[in-house]
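Visitor:
Residue numbers (the working numbering), protein chains in the order written: chain A, 279 to 604; chain B, 279 to 604; chain C, 279 to 604; chain D, 279 to 604; chain E, 279 to 604.
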């Protein structure tokens, strides 16, 4: 589905526009045109290619999802791929949904292609465009792209902070010693899955830094006035990747601690087994059927045997405690 | 076996050409010559060397397989080594077959040498050459090489995505807790083998980026019009290596999870052993042959002993559950 | 809360200044103005923005905590974010408190914004400003910032050295073999937590190097006379990060040693279990109720059986000791 | 021992030359002089220093083995250190022998110093010099050095490929499940030792790349005609290091798989122990000596007890199989 | 304690010099002055600062130990920090003693400050200065510094080679299978401690490379004639760090092998336990008190039971051997 919007001096013009209008308005001096395509059909992408005179490679790329986050500069326009992410609730604590978004950005236009069943909402982006009409009018595509990427990265920051909280929960879970085995094994799976999502987030975020550098290299699109803005987003991307790296390392350490906790408990169990085996041996001795076992006839034989069992276990208990085996 | 083809203005000329024709046509202005050698014999490679005036080192390299993926620029031509990969079905999920391919590329010719029992098929490559005759006519060897490498890298992408699916399957396998030991031990081997294939793919793919940069440094071979095309392949190579890195890390984590799962189960088994050892000790006690064991004469002695056994096991069970040891 | 101070030729002027005074004094030639905001309110930050003509992005950043340590150069001023750290006593050995601090630095002014319940104390910083009035008068904001960052980094150094001591304690704890299991499991948690704090410290310290490089790029703020000073702080930052890396590696190794110690003890316990199982089997044999067991009738049967038990255990003990299993 | 050879126009001159002849021939225009020292004595090295006017540092270096692989450029000559490697058969599969070799290379001479009990044989190198007299005559020391390094690196390639085969064998060994414990523990040691040799090979090979770059920086020694040759060796060095890295990673993974295989078997053993412990408990129960145990009097008591034992074991077996514990 | 020496044309002048003499001689043209301070007092450092017109930061640094190895260039002099290391004998194989040394180096003077209870001996350094009077006269501070750093790095080389030997010993220890448990656990600790010392050595050595590069950037201190000398030390530093890296990796692998050896032995012990548990069960069966157990009455019952026990154990033994569990 294609929607066409236009802004004259940063203010939206009447809403019912066609692709034909768009083509006309792009040439008008004070206008900024926004074409938004959701769930793109092949011919729609081709139509965009024709209107904006896109390079065949760009058109081919736009036909397919699963591009890396990137910015490619072509004669007169930039091709931008970002991966907005949404957090979908899941029983084990939320899963990332990739809402891939492609954009062709020229000095006076932006064309966005949004993929997926629940594409990235551009409401917030549009709201900020309308909130700074003078910037939209003066900087056009460069400003529009900045706002778009900034919104995406702000979502990344929220997500990475939510991940940080979940990692803290998992850490508490590990050190509070889980109540049941099921929880313990669940912890392990949750650590693994969170780590995977963190790595996934990082993979989408990290290439953006280079992308933002590339946009700034094209003065026709990102004028010098936009430089602090792009630097600011770039800084946020860096924060996302650093936090993601931290969380990943923390989770790796947690998994190691978990393994060593399990080993610790096995050691404890083995020590207890040792404590039980000794009186079992004593019982075995006095269960032997030799004709000539004087102790068996003693009146204090039985209590003495029980006492010996208790004593041996007690000694073992103390020794193991002292050695830190129990 | 040598096959010679030629294209005049991008359109194929009559098919029955000899090496002699090739030598003549290379000098013709609007012609592009393609010599394809499969299962090369020593003298065939030498013949190519003579026709294209290749450096002795290039000829020596072409005599041997097992070159690194690379591009080397010589006076007037480039020597290209790529490793197309095919996926051969195997009982444990597919194995990569290396179809090493060497090419000498000049402005107006390409000579391909294909190795192995099942060499890389150039049908798709030729199809795309024929589909863009104007590019083949204008850009010659640079375009032909781009198409060749692009096809190889497209195969890499398919393979790496297939690997991603297999890794997801393995992940499910690990967390669904395998039904039998055989499957469990099989998982481990499959994780290891997939990891090895991923590393192998990465090894063939990663050096291509530098290779593509080198080709673009030689304006006689890759004109500026080809730049976006080469950048595009380079981007795909990057995607392959990034995905490969991700899969490898995922598999490493999976193997760790697997080890900790095994440890977990041993802990559980140890706890169960502890639960059984205690009543065994009690039974041992009442199996002793002391003359004077009053409990043995009690009418409720036996049921009381059984009850004590059950009770002790029950208490241990509850304690272990609470401590998360079971 | 806003406090305004001013220094004429490096010497403090009368203390009761308002924001209005500040605005006037900034334009006065021999003056250096310091505005300090703690627990900033929205309108206070905006007021600073108006006085110093700050870029909207700077103002927006200053409204929010949780910025990365950074220096951003704008027209005529630098925006500095550092994270002073305080060590708060905690039962498991001290926790870092982040006292984020933002500063706007111009040639003749510095504005500091301090966050948190216990913001970073600037007493020491001010003391050093007053101690070198000629530097404050000559170098203004560049010198003020140097002193500020130097104080922060000095705290980092103290902290990292305290961490080093704690790591040494933990190392001793691991090799002295902990007396009780609780201590052992505690060691593990303490190693993990110290490692996390070290990583956190590193995360705050490392980006400062780049920040210090950036300030020196702006000659209006950091004159050439300040260069050795900035280089000196940069060197200290490097020392902090190197020590942090060392401690982290040491702790990782310690955790591994810990795991292998636990495995060692389990092996020992298993060997002891083996030593007990053999006489238990012998006892079991002579507890069998066969009618025809000649040994049972022997007068030396019982002592012989006991002797065999002792002997078998003794042999196992010696064998295991020799093999290093015990 | 010193041997002197000389080549006029690439062809060897009469063999019986002294150091004095060498000194004279170096100044002759069409001559190339080769001095070869094996098992060098102090005075021999000093003599070389005098003849070729070597820097005191070079002479000092040449007095000692255990130099890093390197090339150092001095006024008029290059000092080259390489470490040819030979594979010595050993019971556990071959060990590398370091045959350190130093060379001083000037435009018209090369002096080689070979160390060790079995120094690197220069037969192959000399053979190739004689095979390309025109190159030796035209390029002198640069060509001689190329051939020397190329021979060394070719050996590296053979070795690294032999290592690859051994790694494949070890992999098969791990997954075929070793027949005896001795083999299993041997595998571990062999993996470790192979890994160490691979790392050693890599350490000798990797610095060569930088060395080769350095030689090419000195046009007096390596003319532009030699550039493709040096690039070719450099490519081979890269292949050696890449293969070495791969093998090392593979071996590391193998060691991990091995650890997890051992854990798997212990789990299996623990499960079997559990299966035996339950009937042991039942036997213990009916071994108790209570006066009033009605089951003991039943005629079907004994077979029923045996049946219960079998049944309980059987149930455990099935449960463990289903849970993948066995 | 301060000692003043001076060299005229590289030859020592009369020994009894005061700081006042030093100040005078520095201005004399053919003189080189060396001031050596051990166990520095505050005022001594300040005095040096005054004589050589040192920057306040240098003076402050020199007041404190625990600086990073570094070279800082100031107007007219360089501030050098190195950490000579001595090996102190210790029960577990030697410990490194840090003998921090600071030096101020000008074209015609060097001032050394030595810290610690056993400061670094400069006998060897002075000996080499006297041995090359022409170099000391011509190159002054640059040469003096080269000799100083070269002596320090030579010690590093000796130490790293000693560490290599110890690592080889530890490797033998691991594979020879330690005789007693104490040795085994000791091995682990020794591996850990050696690794820590290696990392420490590396930390002191690695920054020297950058330091040496910095000195060479200051032509007033290190003239072009000294370049090969500095390059030579730099090469040695590289060798130290590479060897240190190798040893560290080797030790890490050793620790892993150690863990897997322990696991292997536990597996073996578990298998032996399994072999004992089966006859124990059989004994338990015939220890039951059922009235109706026909086997008990058989005359061959007892030998048959013993035979069954032996047989079952024998079968298990063979099976476990075949499966590689024993």
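No residue lacks a Cβ here, since even glycine has one placed at the ideal position from N, Cα and C.
1) Using a Cβ-Cβ cutoff of less than 6 Å, which residues in the same chain neighbour residue 372(C) once the five nearest sequence positions on both sides are dropped?
2) Taking residue 436(C) as the query, report the chain A residues whose CB atoms sit under 7 Å from its CB, ordered along the chain.
3) Is the CB-CB distance between residue 479(B) and residue 438(B) below 8 Å?
4) How big is the Cα-Cα spacing for residue 600(C) and residue 570(C)?
5) Please classify residue 521(B) as buried or exposed, where buried requires at least 16 neighbouring CB atoms within 10 angstroms.
6) Anyone know if the C-beta pair for residue 389(E) and residue 381(E) falls short of 8 Å?
7) Applying the 10 Å Cβ sphere with the 16-neighbour rule, what's the burial state of residue 418(E)?
8) If you measure between the beta carbons of residue 476(A) and residue 525(A), is that distance less than 8 Å?
9) In whole angstroms, what is the alpha-carbon distance linking residue 306(B) and residue 378(A)?
10) Under 9 Å Cβ-Cβ, which residues of chain B neighbour residue 329(A)?
11) Let me know the alpha helix (DSSP H) ranges lying completely inside the segment 289-314 of chain E, each 4 residues or longer, listed in chain order.
12) Excluding the 5 residues preceding and the 5 following residue 511(B) in the sequence, name in chain order all residues of the same chain whose CB lies nearer than 7 Å to its CB.
13) Short check: CB of residue 346(B) to CB of residue 485(B), under 8 Å?
14) For residue 380(D), report the span of its beta strand (DSSP E) as first-last.
15) Is DSSP giving residue 365(C) helix, strand or coil here?
16) Could you check where the alpha helix (DSSP H) with residue 534(C) kicks off and where it finishes?
17) Let me know the alpha helix (DSSP H) ranges lying completely inside the segment 385-431 of chain C, each 4 residues or longer, listed in chain order.
18) Would you check if there are 3 or more beta carbon pairs closer than 8 Å linking the segment 572-592 of chain C to the segment 556-573 of chain A?
19) I'd like to know whether the C-beta atoms of residue 284(E) and residue 303(E) end up nearer to each other than 8 Å.
20) To which residues of the same chain is residue 403(C) closer than 7 Å at the C-beta, ignoring the five residues directly before and after it?
21) Which whole-angstrom value describes the C-beta separation of residue 310(E) and residue 414(E), a residue pair presumed to lie in contact below a C-beta threshold of 8 Å?
22) Along the segment 532-564 of chain A, where does the CB come closer than 9 Å to a CB of chain B? Name the residues.
23) Check whether chain C comes within 8 Å of residue 528(E), counting only Cβ atoms and requiring the distance to be less than that.
24) With 9 Å as the C-beta to C-beta threshold (strictly closer), list the residues of the segment 397-411 of chain A near chain B in chain order.
25) What residues in the segment 501-522 of chain D have a beta carbon less than 8 Å from any beta carbon of chain B?
26) According to the neighbour-count rule (16 or more other Cβ atoms, all chains shown, within 10 Å of its Cβ), is residue 342(E) buried or exposed?
27) On the DSSP letters alone, give me the boundaries of the alpha helix (DSSP H) that residue 604(D) sits inside.
28) By the three-class DSSP mapping on this structure, what secondary structure does residue 568(C) have?
29) What residue from 566(B), 281(B), 487(B), 469(B) has the CA that sits closest to residue 536(B)'s CA?
30) At the level of alpha carbons, what is the spacing between residue 565(B) and residue 552(B)?
31) Are the C-beta atoms of residue 352(D) and some chain E residue less than 8 Å apart?
32) Can you name the start and end residues of the alpha helix (DSSP H) that residue 486(E) belongs to?
33) Around the C-beta of residue 350(C), are 16 or more other C-beta atoms found within 10 angstroms, so that it is buried, or is it exposed?
34) Please work out which residues of its chain come closer than 7 Å, Cβ to Cβ, to residue 325(A), disregarding the five sequence neighbours upstream and downstream, and give them in chain order.
35) Any idea if residue 450(E) is buried or exposed, counting beta-carbon neighbours within 10 angstroms, 16 or more meaning buried?
36) Is it true that the CB of residue 411(E) sits closer than 8 Å to the CB of residue 501(E)?
Guide: A quick look at the data gives this:
1) 365
2) Chain A residues near residue 436(C): none, gap ~23 Å exceeds 7 Å.
3) yes
4) Their Cα atoms are separated by approximately 40 Å.
5) buried
6) yes
7) Within a 10 Å sphere around the beta-carbon of residue 418(E) sit 16 or more other beta-carbons, which makes this residue buried.
8) yes
9) 49 Å
10) What residue 329(A) touches in chain B: nothing, since even the nearest Cβ is about 19 Å away.
11) 297-305
12) 424, 427, 428, 431, 490
13) yes
14) 379-384
15) strand
16) Taken as a continuous stretch (DSSP letters only), the alpha helix (DSSP H) holding residue 534(C) covers 505-564.
17) 401-409, 411-417
18) yes
19) yes
20) 425, 426, 429
21) 6 Å
22) 533, 534, 536, 537, 540, 541, 543, 544, 546, 547, 548, 550, 551, 554, 555, 557, 558, 559, 560, 561, 562, 563, 564
23) no
24) none
25) 506, 507, 509, 510, 513, 516, 517, 520
26) exposed
27) Neither: residue 604(D) is in no alpha helix (DSSP H) and is coded neither H nor E.
28) For residue 568(C), the three-state secondary structure derived from DSSP is coil.
29) 469(B)
30) 20 Å
31) Yes, residue 352(D) lies at the interface with chain E (some Cβ there is under 8 Å from its Cβ).
32) Unbroken alpha helix (DSSP H) run through residue 486(E): 485-494.
33) Buried, because 16 or more other Cβ atoms sit within 10 Å of the Cβ of residue 350(C).
34) For residue 325(A), where only same-chain residues beyond five positions count, the Cβ hits under 7 Å are 297.
35) exposed
36) No, they are not a contact pair.
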